[in-house]
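One point on numbering: in full-length UniProt numbering, the residue at position 122 of the sequence shown is 122, and numbering is uninterrupted.
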Amino acid sequence: MVQDNVRWVDSGVLYVVGTPIGNLHDWSPRAIQVLREADLILCEDTRVTGLLCHQFQIETPLLSFHEHNTQSRIPQIAVRLASGEAIALVSDRGMPGLSDPGQELVDYLWKTGGRVSVIPGPTAALTAFVASGFPAPFTFWGFLPRSGKERRIALAVIGETAHTGIIYEAPHHLKKTLADLVATGNDARTVMLAREMTKQYEEFWRGPLSQLAEFDREWRGEIVLVIGPKGPEPVFEPEWNDLRLRVLDLVAEGIPKKEAIRRIASEFSLSKRELYHFVVSQED
């Protein structure tokens, strides 16, 4: 319960505030009160945040802060914080700084002696990760580069990473990303696709990546793809008769039988005794 006689913000502090990823009931009273008491709210899209603020009777002024004006805004924000203003930072949904504007501002403030406080809130990446049932550790990849060398490198790294990975993707780019993941050796991995989390049409699908890539449907809504860890590498178990034939080939080249058996057993990490008994048992 929010107490009327408690002040929730301090002067000169940047408050990084999480917002709902879908269900408005997930928003904490503390987050709402901090936004009400702040002198300014930085937001990706003033229209989106404006609607949210209207629903919760938050009348604090809004200022756009997005990827296209981050560098020009940071010095202005730093000056206002230094003058004693309490400023809140939000993204359209979820926690700022995770594939959303905010990371560079927070980094700048720490490097220049600023003060930062975080008001935790829903996060699509962690919500999907918990729903997946996959183990930690995990790597959060965010949105992959759209094309070119950077995308090829990112896909290669994901393919080489054995543990769980999390990707954000837009619905109209999902089919291409799934196809690219399959093409880079991830087809045998189990994935969790999460869309519209916490909303009315929330959907989770878990299964082989190769199967998901073959779905013929138009995806809608915000999507998180959780890529499960790689399974153990398949163990090669050669046929015993193939090994016997390899031994006979070496013997035909003039190598003594025991030496031939030793070489083949060593090559395949097998017991010399077992291979010897099998070879002898097949002799006429």
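Backbone N, C-alpha and C define an ideal beta-carbon position, used for all residues, glycine too. In this text the structure is predicted, and so the values were computed from the model without any measurement.
task: Quick one: give me the first and last residue of the beta strand (DSSP E) that TYR276 is part of.
output: Run containing TYR276: none in the beta strand (DSSP E); it sits in the alpha helix (DSSP H), 272 to 281.
- request: Indicate the three-state DSSP secondary structure (helix, strand or coil) for ALA179 in the structure shown.
  value: Correct three-state label for ALA179: helix.
- prompt: Is the Cβ-Cβ distance between ALA213 and ILE166 less than 8 angstroms?
  reply: In this structure, ALA213 sits away from ILE166, with a CB-CB distance that is not shorter than 8 angstroms.
task: Please classify ARG93: does DSSP put it in a helix, a strand, or coil?
output: coil
- request: Write down every uninterrupted run of the beta strand (DSSP E) in the region 93 to 126 whose length is 3 residues or greater and which is fully enclosed by it, in chain order.
  value: 115 to 119
query: CA-CA distance, LYS176 and GLN57?
result: Those two C-alpha atoms are separated by around 42 angstroms.
field: Boundaries (first-last residue) of the beta strand (DSSP E) holding PRO208
entry: 203 to 208
- prompt: Where does ARG195 fall in DSSP's three states?
  reply: strand
query: Could you check where the alpha helix (DSSP H) with GLY231 kicks off and where it finishes?
result: Neither: GLY231 is in no alpha helix (DSSP H) and is coded neither H nor E.
Rounded C-alpha distance that separates GLU160 from VAL106: 31 angstroms
- request: Would you check if the distance between the CB atom of ASP187 and the CB atom of LEU155 is smaller than 8 angstroms?
  value: no
message: Using DSSP's beta-bridge definition, name the partner residues of ILE87.
response: LEU14, LEU40
- request: Evaluate contact between the region 250 to 259 and the region 195 to 204, counting only Cβ atoms and requiring at least three cross-stretch pairs below 8 angstroms.
  value: Cβ pair count under 8 angstroms is below three, so no.
- prompt: So the beta strand (DSSP E) ILE166 belongs to, where does it begin and stop?
  reply: 164 to 169
field: Residue range of the unbroken alpha helix (DSSP H) whose run includes THR46
entry: 46 to 55
query: Leaving out the 5 sequence neighbours to the left and right, which residues in its chain are closer than 6 angstroms to ARG195 when beta-carbon positions are compared?
result: When the five nearest sequence neighbours on each side are left out, the beta carbons in the same chain lying within less than 6 angstroms of the beta carbon of ARG195 are those of GLU203, GLY221, ILE223, in order along the chain.
- prompt: Mind checking PRO137: buried by the 16 CB within 10 Å criterion, or exposed?
  reply: exposed
- prompt: Thinking just about the alpha-carbon of each residue, which of SER11, SER72, ASP100, VAL13 is nearest to the one in THR19?
  reply: ASP100
query: Helix, strand or coil: how does DSSP classify ILE21 here?
result: coil
task: Ignore the nearest five residues each way along the sequence and tell me which others in ASP26's own chain have a CB closer than 8 angstroms to its CB.
output: PRO20, GLY121, PRO122, THR198
query: Under the rule that 16 or more other beta-carbon atoms within 10 Å means buried, what is ARG7, buried or exposed?
result: exposed
- prompt: Mind checking whether ALA124 and GLY94 have CB atoms under 8 angstroms apart?
  reply: At a Cβ-Cβ threshold of 8 angstroms, ALA124 and GLY94 count as neighbours.
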